Amino acid sequence: MKPQTLHRRQRKLLALLRVQQKVVTSKELAAQMEVSDRTVRNDIQVLNEVLASCGAKIETIRGKGLILRAADQSSAILNQLAYAEGSLQTKEERAQFLLMKLLLADKGIRADDLEDEMFISRTTLETDIRFIQKTITARRPHIRIRRRGNSIRVEAPEWRKRVVLTKIFAENWDYHSREGVFIQDSMLDGDVFQDIFALTKAAVRRSGLKLDDYDLVALAFTIAVAEFRIRTGHPLDKAVPVTQDALKTAGLIQRLLDEIEGIVPTRFDEEERRNIMLSLSFRIIPLPEAQPVPDCLRMLDENSLRTTDLFLAGMKRDYGVDFTGDGQLYVDLACHIFRLEKRMRFSYERKNLLLPTIKTRYIFFFELAMIIRECFLEVYGIELGEDEWGYFADCLIVSVDRAAKRRYPAGIPVAFISHLGRSDREMLASQVQALYGNTIRLLGPFSIYEREKIQAAKPELIISTVRLETVRTEVAHIPHMTITLAPSDDFYMSLNRNIRAIHEKIFFQELPQPPEHYFSPDLFISGLNASSSEEVITMLTRRLINQGYAGSSCIPRALEREEWSSTAREDGVAMPRVRLLGQPAKTVVAAALLRKPISWAGQKVRMVLFLAVSEEDLPLFGTLLNYLANDLCHKQKRNKLFQISSYQELMELL
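According to our numbering, the residues represented by the sequence shown are 372 to 1025, in order.
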């Protein structure tokens, strides 16, 4: 059997067994694979037939479990079996594997050898290297991949190599696994790491310092990677900067490393110890819980407070959104900036796992968060990427939720209309209320004929057990939902969207005109022929200019905005946007269906909705953007959106 004939699931199973490097039960493997115990046993039979040809075997130890036995765990044949092109590894996973190989190599690696070891083509190898250069090495801590003929190597001082290794491990730590499996083909000894992790957790707990889970794991990996690199002859080759914050952690780190030296043969010199102190210093959450706001702010520095002021002022100036009344938000932002500056200066950019969700479902909050880019650059001279902007969007979203709780302390008023019997309607009401607690407050139940009472209750939302095909004018403006005796996941997802929309109404103005008012037949294109995002944006902005909606400056501004962060979504829609400065300027949405889907920052885009907002209408920016992202592009409408061929059909969909 050839390596590439293995099923993806079987390759993943082999990769997991290589990572474990110790006895593991089939039930544990089944849980990690999300398959049955029987499937694991069947796959092991297949794998053993293949492994026999390369001197390896998955051995069953009676009463204990399974373990992979191989004369050479890192052999090229095993790599081919586990990492064949088109198998379980995605482009991202291949890139990590390749980057690990390059980081650990003392000299350049031949491209031919990498192709053989990873069982990939030269084209795929070149694509993966470009992906690494674009997404990993170009960001902090800025390592470089150098090419000389057929040789490929990483060029970076030792401390930067360690930072990237730590980042890879920490971001692949499995919180769902009892063993916390961290990465395939790891160079770290699992047992040694678990000992280091246990000692690190205990030391942090005794110290009373507060770290979030990610930073605790990252600190343990920082120490484990240092231990491995020292032991394999790769000490630090550059002096470590000494900061006051780092020196404050000296006692904890000295005691912790002394304990670790008691269980490993490696010795940490003073330079190594200062490096770990520095790593801990920017991971500590500086503010104790339940601290009064003035006391919190006194614990932060002037630059973090100045950056926070610039950020809040920028959102108010550029988009008319005022968050200055939320004292807790101010503290959260200043605290995050305080830690972020140190992490960016001495370490790395942190991957934001929620970024795709934030950019899609909380699109305007992400747009607001982009303002931090200019503020951070002005105060610290450091460029932030979109992963970091996403964390600021999180703070803004939480602030909106706090404002909603202040406005509706007993919950959002929701009218419940039911034609059911008493027991059924009480069961439904109890079921919904139990899930949402004091987030919503159910009013009623009302009869379908009691619309005057419904109006008098002033609900923000109506839930009904019958379809309200026709609604009296006085309640037509209130969102309506239909609930069944067995509410589906779609119902709760829709309810969540409505709750979010009600929260956001506190900050976002209602549209003074219906949505169709902001579209124009002159700006609808069906079958647009373009091959790149730049071409699409340029064509649409030129049409805006030619139709008198915008001045010529909107072209470079729109392209610059797209360069900062892609507006392509995973659902096949792109939403480039621009703030129009000067005259002429009119708020409008240009819509274009592409003749053929194009690759747009890794997404296949079929339709483009280009939003241009005048300075006069900036308070409507968030409302319009949310409408396009969450209403027009909602799953139920999106498929119809891709089918339209005329402006009239678009209007009917709106």
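Where a beta carbon is used, it is the ideal one built from N, C-alpha and C, also for glycine.
Note that the structure is a prediction, hence the values are computed from the model and not measured.
Residue 413 versus 712, 777, 397, 427, residue with shortest Cα-Cα distance: 397
Sorted by chain position, which residues of the same chain lie with C-beta nearer than 6 Å to residue 380's C-beta, five sequence neighbours on each side aside? none
Over what stretch of residues does the alpha helix (DSSP H) that includes residue 656 continue unbroken? That residue, residue 656, is in no alpha helix (DSSP H); it is neither H nor E in DSSP.
Measure from the alpha carbon of residue 871 to the alpha carbon of each residue in 693, 770, 936, 537, then state which is nearest. 770
Throw me the rounded Cβ distance for the residue 924 and residue 957 pair, which I believe falls under 8 Å. Contact doesn't hold; Cβ gap of about 15 Å is too wide.
What residue ranges within the stretch 727-757 form continuous alpha helix (DSSP H) runs of no fewer than 4 residues, ordered along the chain? 734-740, 742-751
Can you tell me where the alpha helix (DSSP H) holding residue 592 begins and where it ends? 584-602 is the extent of the alpha helix (DSSP H) around residue 592.
Cα-Cα, which of 428, 767, 721 is closest to residue 389? 428
Identity of the residue in 927, 948, 1016 nearest residue 964 by Cα: 1016
Compare the Cα-Cα distances from residue 610 to each of 633, 529, 564, 573 and report the closest residue. 529
From the DSSP output, in three-state form, read off residue 854 for me. coil
Apart from the five residues just before and just after residue 621, which ones in its own chain have a Cβ nearer than 7 Å to its Cβ? 648
Rounding to the nearest angstrom, what Cα-Cα distance links residue 400 and residue 811 in this structure? 41 Å
Output needed for residue 634: all residues of its chain with C-beta closer than 6 Å, excluding positions within five of it in sequence on either side, in chain order. 566
Could you work out which residue in 757, 739, 700 is closest to residue 724 when comparing CA atoms only? 757
How about residue 1032 and residue 947: do their beta carbons lie closer than 8 Å? Since the first residue of the chain shown is 372 and the last is 1025, residue 1032 is not available in this structure.
Give a yes or no on whether the C-beta atoms belonging to residue 568 and residue 597 are separated by under 8 Å. no
Given residue 815, which residues of its chain have a CB within under 7 Å of its CB, disregarding the five upstream and five downstream residues? Sequence-distant Cβ neighbours of residue 815 in its own chain, meaning closer than 7 Å and more than five residues away, are 786, 787, 788.
Using beta-carbon positions only, say whether residue 514 and residue 532 come within less than 8 Å of one another. yes
Give the secondary structure of residue 633 by DSSP, where H, G and I count as helix, E and B as strand, and everything else as coil. Residue 633 sits in coil when the DSSP states are folded into three classes, being neither helix nor strand.
Would DSSP call residue 530 helix, strand or coil? helix
With distances taken between CB atoms, is the gap from residue 643 to residue 570 smaller than 8 Å? no
With DSSP as the reference, please indicate the residues paired to residue 950 in a beta bridge. 984
Ignore the nearest five residues each way along the sequence and tell me which others in residue 431's own chain have a CB closer than 7 Å to its CB. 437
Stretch pair the stretch 760-778 + the stretch 735-748: three plus CB contacts closer than 8 Å: yes
Does the Cβ of residue 604 have 16 or more other Cβ atoms within 10 Å, making it buried, or fewer, making it exposed? exposed
Please go through the same chain and pick out, in chain order, the residues whose beta-carbon is closer than 6 Å to the beta-carbon of residue 674, but skip the five residues on each side of it. These residues qualify, in order along the chain: 750.
Determine whether the beta carbon atoms of residue 929 and residue 912 lie at a separation below 8 Å. yes
Around the Cβ of residue 469, are there at least 16 other Cβ atoms within 10 angstroms (buried) or fewer (exposed)? Looking at its Cβ environment, which holds 16 or more other Cβ atoms inside 10 Å, residue 469 is buried.
Quick one: Cα of residue 1027 to Cα of residue 879, how far? The requested residue 1027 does not occur in the structure, where the chain is confined to residues 372 to 1025.
Cβ-based neighbour list, residue 846, same chain, cut-off 8 Å, excluding 5 preceding and 5 following: Taken in chain order, the residues that qualify are 822, 825, 826, 833.
Work out the CA separation of residue 828 and residue 555 for me, nearest whole Å. The pLDDT assigned to residue 555 is 46, lower than 50, so where the model puts this residue is not dependable; a value taken from the coordinates is nonetheless given after this. In a straight line, the C-alpha of residue 555 is about 58 Å away from that of residue 828.
Cutting at 7 Å between CB atoms, please list the residues of its own chain near residue 1022, excluding the five before and the five after it. Contacts found: 887.
Using the Cβ count rule (16 or more neighbours within 10 Å means buried), how would you classify residue 820? Exposed, since its Cβ has fewer than 16 Cβ neighbours within 10 Å.
Might you give, ordered along the chain, the residues of its own chain that have their beta carbon closer than 7 Å to the beta carbon of residue 933, omitting 5 neighbours on each side? Here the set comprises 904, 908, 947.
Can you give the beta carbon distance from residue 722 to residue 542, rounded, assuming they're within the 8 Å contact cut? Confirmed, about 5 Å.
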